[in-house]
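Let me begin by presenting the structure, written as C-alpha cells, before commenting on it.
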Amino acid sequence: SIPRDYKVKLIGIDTDKFDNLNHAGMYGEEVTINTIENLLNIKIDYYARISFKTLVNLVDEIGGIKVYSDKGFVPYHDKNVYIKKGDNTFDGKTALLFARERVTYGWEGDRHRTKNCRDVLTAIMKKFMSDKSLLIKYVDILDSISPYVETNIDISDITGLIRLQLDKNYSWNIKEFLVDGTDGKIYGYSFPDQSRYVMIPDEEKVNNASNYINGIKEGKTFKDLGLE
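Numbering (this note's numbering), first residue to last: 11 to 238.
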C-alpha cells in the first residue's frame, strides 16, 4: 500500500514539481501509473480502478466476508453501525465502511485505513479460494461489478486465470507491505498557492517494496526475499 498523501513526482505531465499521490488521479490513469512506476522502479502491466459500488456489489455477490478488526468502533460514515473488536462478518455496505475508516484511528488514520483495505481484499480472495462455486459463477459476479470498474485487463485473461485456479486448486500465501514515511508540507503542483500535508517517503521502505515486487515478478519466493 502507498498512503494517499505520499510525496511523489508526477510523471506524464509537464512539471518538475512534487505533489501528493492522491492528486495524480486528477490527471488520469496513465499519470497515476507512470508516477507509481517511477516511485517504486517497477513496471505496472495491469490496473483496475474501482468505485465504492464495486466493493459493495462484489462482497454481497459472494455472500459476505469475514474480517478481523483490532478495534471496536462506530464508523465515521454511518453512526447506525457498530464494528466489534474481533472477527466480523461483513456485507458489502459494512465492508466499505470498514475499508474507508480513518477517523477512529487518530494520528495513524490513513496508515490503518490502508491496512483495513488490505484486510478486505485478502478476505475476498480467501472467500473465492475456499468456495469453488464462486469461481464457477464468475460470469455473474463480473456482470454485477463491470459497470463500476475501469481496467485494461482483457476478459479472456480473467477467464484463463479462473480456469487455471479451478483446474489446479492453488493455495495462496498473501503478504502485505506498507511504504511509510514522515509528516511534512509542500506547495504542490495541483495547489501551488497552498501549503498542504504530505508524507515524506521512507526511502528504505520504498526500496524494499521495489525489491519485493520485482523479486516476485522474477519468480523469487517470499523466503528468497526474507519475508518468511
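Ideal placement from N, C-alpha and C gives every residue a C-beta, glycine not left out. Nothing here was measured: the structure is a model prediction, and the numbers come from that model.
Tell me, to the nearest whole angstrom, how far the beta carbon of residue i is from that of residue j; I am working on the premise that it is less than 8 Å.
i, j, result
"R112", "G119", "4 Å"
"R121", "P13", "7 Å"
"D190", "K215", "5 Å"
"F83", "T124", "The pair is not a contact, with the Cβ atoms about 17 Å apart (cut-off 8 Å)."
Could you tell me which residues DSSP puts in a beta bridge with residue i?
i, result
"G194", "V208"
"E238", "Partner(s): none; E238 has no beta bridge."
"V159", "I60"
"N98", "V77"
With a 10 Å radius around its C-beta and 16 neighbouring C-beta atoms as the bar for buried, classify residue i as buried or exposed.
i, result
"F100", "buried"
"F62", "exposed"
"G102", "buried"
"F201", "exposed"
"Y78", "exposed"
"F187", "exposed"
"K17", "buried"
"P157", "exposed"
So what's residue i in DSSP terms, helix, strand or just coil?
i, result
"N179", "coil"
"F83", "strand"
"V91", "coil"
"G119", "helix"
"Y78", "strand"
"K19", "strand"
"F9", "Within the shown structure, residues of the chain are numbered from 11 to 238, placing residue 9 beyond reach of any answer."
"R128", "helix"
"Y37", "helix"
"E213", "helix"
"F138", "helix"
### Message
Taking contact to mean 3 or more Cβ pairs, one atom from each stretch, closer than 8 Å, check whether the segment 48 to 60 and the segment 130 to 137 are in contact.
### Response
Contact between the segment 48 to 60 and the segment 130 to 137 is absent: fewer than three C-beta pairs spanning the two stretches fall below 8 Å.
### Query
Does the segment 30 to 44 come close enough to the segment 68 to 79 to have 3 or more Cβ pairs within less than 8 Å?
They do not touch, by the three-pair rule.
### Query
With contact counted as at least three CB pairs below 8 Å, one residue from each stretch, are the segment 194 to 212 and the segment 169 to 183 in contact?
The segment 194 to 212, when compared against the segment 169 to 183, does not touch it at the 8 Å Cβ threshold.
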